[in-house]
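Engineer: Protein chains in written order, with my numbering: chain A, 17 to 106; chain B, 2 to 144.
Quick one: the structure is below, questions incoming.
In structure tokens, the structure reads:
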């Protein structure tokens, strides 16, 4: 099962510039682990010891995973994942 | 001597300053999208500051998704990301620097500390923020 993942500009150095990559997994956590396996270093930009990083947004289709089950969100065959860093500052 | 440069229409500068004044005392924020590869800010998209705060801004996460989908559909990128500093100088704060996430964008900071919501002088400056490093650039306003 292959899931489409959209990579934001700031993380494309990890994916050789690719904007769209595929990954495997039945939960968001598995998808993240698979991404890290293929693009080493990308994982820690997304996740820290407490879970999804505060200023990273991940969406499954049109849903922010914070309103689903976070890293335990179930990913289906035709789902697509979008990663967007927060636009924020002070 | 500033190396980089932001070229921007006067009407867009005026619209950003007006947005800053309208949202005073909170920070105002938004994007100017432009065609991929053009470095030309064209389409102003004022965003809601989801944290409604005089010292912080953040786009709402669902607004952010809609914004990026729309830009993708139109072959646009965020050429400018702007926000206001209602009471401090027009220079990126530590928070601005640590949270900057668009290495190709011009980060515009507009300070209205002299006048608040009233008409009058403002400070409009532009920066690149890449890997925690801030580089100010010249602003060339197109009349």
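For every residue, glycine included, the Cβ atom is placed at its ideal position computed from N, Cα and C.
Ignoring anything shorter than 4 residues or poking outside the region 52-82 of chain B, list the alpha helix (DSSP H) runs there in chain order.
Structural biologist: List check, alpha helix (DSSP H) in window: 62-74.
Engineer: By a C-beta neighbour count over all protein chains shown, 10 Å radius and 16 as the cutoff for buried, is residue 18 of chain A buried or exposed?
Structural biologist: Here residue 18 of chain A corresponds to residue number 2 of the first chain, with the count starting at 1. Its Cβ having fewer than 16 others within 10 Å, residue 18 of chain A is exposed.
Engineer: How would you write the range of the beta strand (DSSP E) that residue 92 of chain A sits in, first residue to last?
Structural biologist: Along the first chain, one-based indexing puts residue 92 of chain A at 76. Taken as a continuous stretch (DSSP letters only), residue 92 of chain A belongs to no beta strand (DSSP E), as it is neither H nor E.
Engineer: Using only the alpha-carbon positions, how far apart do residue 12 of chain B and residue 38 of chain A sit?
Structural biologist: Along the second chain, one-based indexing puts residue 12 of chain B at 11. Along the first chain, one-based indexing puts residue 38 of chain A at 22. Near 42 Å, if we compare the C-alpha coordinates of residue 38 of chain A and residue 12 of chain B.
Engineer: Opposite residue 101 of chain A in the DSSP bridges: which residues?
Structural biologist: On the first chain, position 85 is the one that residue 101 of chain A refers to. According to DSSP, residue 101 of chain A bridges with A/72.
Engineer: Find the residues of chain A that neighbour residue 63 of chain B, judging by a C-beta separation of less than 7 Å, and give them in chain order.
Structural biologist: As a position in the second chain, residue 63 of chain B is number 62, starting the count at 1. Those within 7 Å of residue 63 of chain B in chain A are 80.
Engineer: Name, in chain order, the residues that DSSP records as bridge partners for residue 10 of chain B.
Structural biologist: On the second chain, residue 10 of chain B is found 9 positions in, with the first residue counted as 1. Residue 10 of chain B pairs with B/143.
Engineer: Would residue 23 of chain A pass as an interface residue toward chain B - the criterion being a Cβ-Cβ separation below 8 Å?
Structural biologist: Position 7 of the first chain, counting from 1, holds the residue named residue 23 of chain A. Not closer than 8 Å to any Cβ of chain B, the Cβ of residue 23 of chain A fails to qualify, so no.
Engineer: Quick check: the region 35-54 of chain A against the region 27-40 of chain B, are at least 3 beta-carbon pairs closer than 8 Å?
Structural biologist: No: the two stretches stay apart, fewer than three of their Cβ pairs being nearer than 8 Å.
Engineer: Assess contact between the region 109-117 of chain B and the region 68-87 of chain B, defined as three or more Cβ pairs (one per stretch) separated by less than 8 Å. Is contact present?
Structural biologist: The region 109-117 of chain B, when compared against the region 68-87 of chain B, does touch it at the 8 Å Cβ threshold.
Engineer: Please state whether DSSP places residue 45 of chain A in a helix, a strand or coil.
Structural biologist: In the first chain, counting from the first residue as 1, residue 45 of chain A sits at position 29. Helix at residue 45 of chain A.
Engineer: With DSSP as the reference, label residue 61 of chain A as helix, strand or coil.
Structural biologist: In the first chain, the residue the question calls residue 61 of chain A occupies position 45. In the structure shown, residue 61 of chain A sits in a helix (DSSP, three-state: H, G or I).
Engineer: Please decide whether residue 69 of chain B counts as near chain A, where near means a Cβ-Cβ distance under 8 Å.
Structural biologist: By 1-based counting over the second chain, the position of residue 69 of chain B is 68. It does; some Cβ of chain A falls within 8 Å.
Engineer: Can you check whether the C-beta of residue 116 of chain B is within less than 8 Å of a C-beta belonging to chain A?
Structural biologist: Counting from one through the second chain, the residue named residue 116 of chain B turns up at place 115. No, residue 116 of chain B lies away from the interface with chain A (no Cβ there is under 8 Å from its Cβ).
Engineer: Using a Cβ-Cβ distance cut-off of 8 Å, determine whether residue 142 of chain B contacts chain A.
Structural biologist: Here residue 142 of chain B refers to the residue found at position 141 of the second chain. So no, residue 142 of chain B is outside the interface.
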